[in-house]
């Protein structure tokens, strides 16, 4: 017996039916081979991928957080954040300071992130790792606070633009061990320091995936990002300010 | 995808084939794979966003299901049981950073393609809306995402959705209600073109 439907649900179903999928592989031969004990040879694609993993790992061991080299997959790590860089021959990532962006990026507040809570609750749950910037002086408390703890602690603090509440002025992610954050390639990656600790400065839109157990959040980040870690905690500051200002904000955390 | 009658017929047919597979007949299982591989592959793809990973998970689903067929309750429909295995396997695919990277990369490419579609006036607006819908659902929390995938993307009945999620039908209804409320709010707030497609 079908339950009564509403127009919104009918349209949603019709739209979802139009979702595109990759070509459907025929699973029968592979499943049959496995069930009868005749395992298929390892696909060439998977072998190539395994090789890419080895190359990337070697690069990390040999060079720490080096400039990207054309043709090699690189994974830059800051705490629990992994930045995946696969440079083209005209390497998109560099450690040198590139041209400044001509326009300020637009920061979008992550309104659909799970775990919305109050600052007091997040602070109680996370303890001293949850620190707030004391610069700029007029910043005040965050307007949005998200806290999750599934396989690791994750807090996201967002300060909205007082003149346009659809935009964010600043966002601070505090990631404990057990969470995962992955980023796609970005336009510029620059090594820098926050209070004497190694840090990375990312400029340019990039994909961000946050995963905490079953909770997952994916978004395209438009703002500039400063990444650094202190002990087991990773801080990720997203801002439309320049590097100098971002470092000043980062160093004001109390 | 199927009416209640077709679902009932499919259930009876699956039960007969499952009985043969329990007797050790591999060819019977081929029939099951052919019948359900599209739903299993699509469900894996919706969660992983990567065709190669989805194919691996789909393949593994049928292998594990075959080996566990003795524990399957033949009075229940087979497809939700298969999809439950698919969901559990998909969850475990993010263990290595290599897989995570592929997921991010694949998703980045997809977003770029979606942007191209949205920018291309020759493409149908419904196609762009479908891409946009999937992106919005991907960003919802796990319980919302799963119930929407099963009920709307895979067109499962309420009963089948409950079987796949391992929850009673009342829970499916309440989860759907909450998920749709949040989806509607997000679409109204942030996605005017998608709102047009969903609300007219």
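Chains as they are written, first to last, in my numbering: chain A, 1 to 254; chain B, 1 to 200. Cβ coordinates follow ideal geometry from the N, Cα and C atoms, glycine included. Values in this document were obtained by computation on a predicted structure and should not be read as measured data.
Roughly how many angstroms lie between the CA atoms of residue i and residue j, to the nearest whole one?
i, j, result
"residue 81 (chain B)", "residue 172 (chain A)", "41 Å"
"residue 10 (chain B)", "residue 17 (chain B)", "10 Å"
"residue 60 (chain B)", "residue 163 (chain B)", "20 Å"
"residue 78 (chain B)", "residue 157 (chain A)", "44 Å"
"residue 22 (chain B)", "residue 12 (chain B)", "15 Å"
"residue 231 (chain A)", "residue 168 (chain B)", "44 Å"
"residue 132 (chain B)", "residue 194 (chain B)", "7 Å"
"residue 28 (chain B)", "residue 127 (chain A)", "57 Å"
"residue 51 (chain B)", "residue 138 (chain B)", "16 Å"
"residue 45 (chain B)", "residue 144 (chain B)", "17 Å"
"residue 159 (chain B)", "residue 171 (chain B)", "11 Å"
"residue 246 (chain A)", "residue 146 (chain B)", "38 Å"
"residue 178 (chain B)", "residue 185 (chain B)", "11 Å"
"residue 147 (chain A)", "residue 33 (chain A)", "46 Å"
"residue 229 (chain A)", "residue 253 (chain A)", "13 Å"
"residue 19 (chain B)", "residue 56 (chain B)", "26 Å"
"residue 130 (chain B)", "residue 196 (chain B)", "12 Å"
"residue 155 (chain A)", "residue 36 (chain A)", "49 Å"
"residue 236 (chain A)", "residue 189 (chain A)", "14 Å"
Who are the neighbours of residue i on chain B, taking C-beta pairs under 8 Å?
i, result
"residue 8 (chain A)", "180, 184, 198 and 199"
"residue 21 (chain A)", "41, 42 and 45"
Would residue i be called buried (16 or more neighbouring beta carbons within 10 Å of its own) or exposed?
i, result
"residue 223 (chain A)", "buried"
"residue 177 (chain A)", "exposed"
"residue 86 (chain B)", "buried"
"residue 192 (chain A)", "buried"
"residue 7 (chain A)", "exposed"
"residue 157 (chain B)", "buried"
"residue 238 (chain A)", "buried"
"residue 161 (chain B)", "buried"
"residue 36 (chain B)", "buried"
"residue 73 (chain B)", "exposed"
"residue 227 (chain A)", "buried"
"residue 68 (chain A)", "Residue placement at residue 68 (chain A) is flagged as unreliable, the pLDDT there being 32, under the threshold of 50; the coordinate-derived value follows with that caveat. Residue 68 (chain A) should be labelled buried."
Which residues of chain B have a Cβ atom closer than 7 Å to the Cβ of residue i, listed in chain order?
i, result
"residue 28 (chain A)", "30, 33 and 34"
"residue 32 (chain A)", "26 and 30"
"residue 200 (chain A)", "Correct list: empty, because the minimum Cβ distance to chain B is about 16 Å."
"residue 289 (chain A)", "Because chain A here runs from 1 to 254, residue 289 (chain A) falls outside it and cannot be looked at."
Would you kindly report the start and end of the unbroken beta strand (DSSP E) that includes residue i?
i, result
"residue 169 (chain B)", "Where residue 169 (chain B) is concerned, there is no enclosing beta strand (DSSP E), although the alpha helix (DSSP H) it sits in stretches over 169-190."
"residue 139 (chain B)", "Careful: residue 139 (chain B) lies outside any beta strand (DSSP E) and carries neither H nor E."
"residue 234 (chain A)", "233-239"
"residue 192 (chain A)", "188-194"
"residue 161 (chain A)", "153-161"
"residue 72 (chain B)", "Premise fails: residue 72 (chain B) is in no beta strand (DSSP E) and is neither H nor E."
"residue 226 (chain A)", "224-230"
"residue 23 (chain A)", "Residue 23 (chain A) -> no beta strand (DSSP E), and no H or E assigned at all."
"residue 274 (chain A)", "Outside the shown range of chain A (1 to 254) lies residue 274 (chain A), about which nothing can therefore be said."
Along the chain, where does the alpha helix (DSSP H) that runs through residue i open and close?
i, result
"residue 64 (chain B)", "51-67"
"residue 154 (chain B)", "Looking at the DSSP string, residue 154 (chain B) is not in any alpha helix (DSSP H), and its letter there is neither H nor E."
"residue 168 (chain A)", "Per DSSP, residue 168 (chain A) belongs to no alpha helix (DSSP H); it is in the beta strand (DSSP E), 164-175."
"residue 36 (chain B)", "26-48"
"residue 88 (chain B)", "78-91"
"residue 159 (chain B)", "158-165"
"residue 34 (chain A)", "28-35"
"residue 250 (chain A)", "243-250"
"residue 17 (chain A)", "7-17"
Can you pull the chain A neighbours of residue i, defined as C-beta to C-beta under 7 Å?
i, result
"residue 55 (chain B)", "25"
"residue 134 (chain B)", "19"
"residue 167 (chain B)", "What residue 167 (chain B) touches in chain A: nothing, since even the nearest Cβ is about 15 Å away."
"residue 51 (chain B)", "22"
Run down chain B in chain order and give the residues with a C-beta less than 9 Å from the C-beta of residue i.
i, result
"residue 142 (chain A)", "What residue 142 (chain A) touches in chain B: nothing, since even the nearest Cβ is about 20 Å away."
"residue 162 (chain A)", "By Cβ distance, chain B contributes nothing, its closest Cβ being about 19 Å from residue 162 (chain A), past 9 Å."
"residue 36 (chain A)", "26"
So residue i contacts chain A; which residues on that side make the cut at Cβ distance below 8 Å?
i, result
"residue 127 (chain B)", "18 and 20"
Please compile the residues from chain A whose C-beta is within a distance smaller than 9 Å of the C-beta of residue i.
i, result
"residue 155 (chain B)", "13, 16 and 17"
| message | For a minimum of 4 consecutive residues, which ranges assigned as the alpha helix (DSSP H) are wholly contained in the stretch 109-135 of chain A? | response | Entirely contained in the stretch 109-135 of chain A, the alpha helix (DSSP H) runs reaching 4 residues are, in chain order, 119-126.
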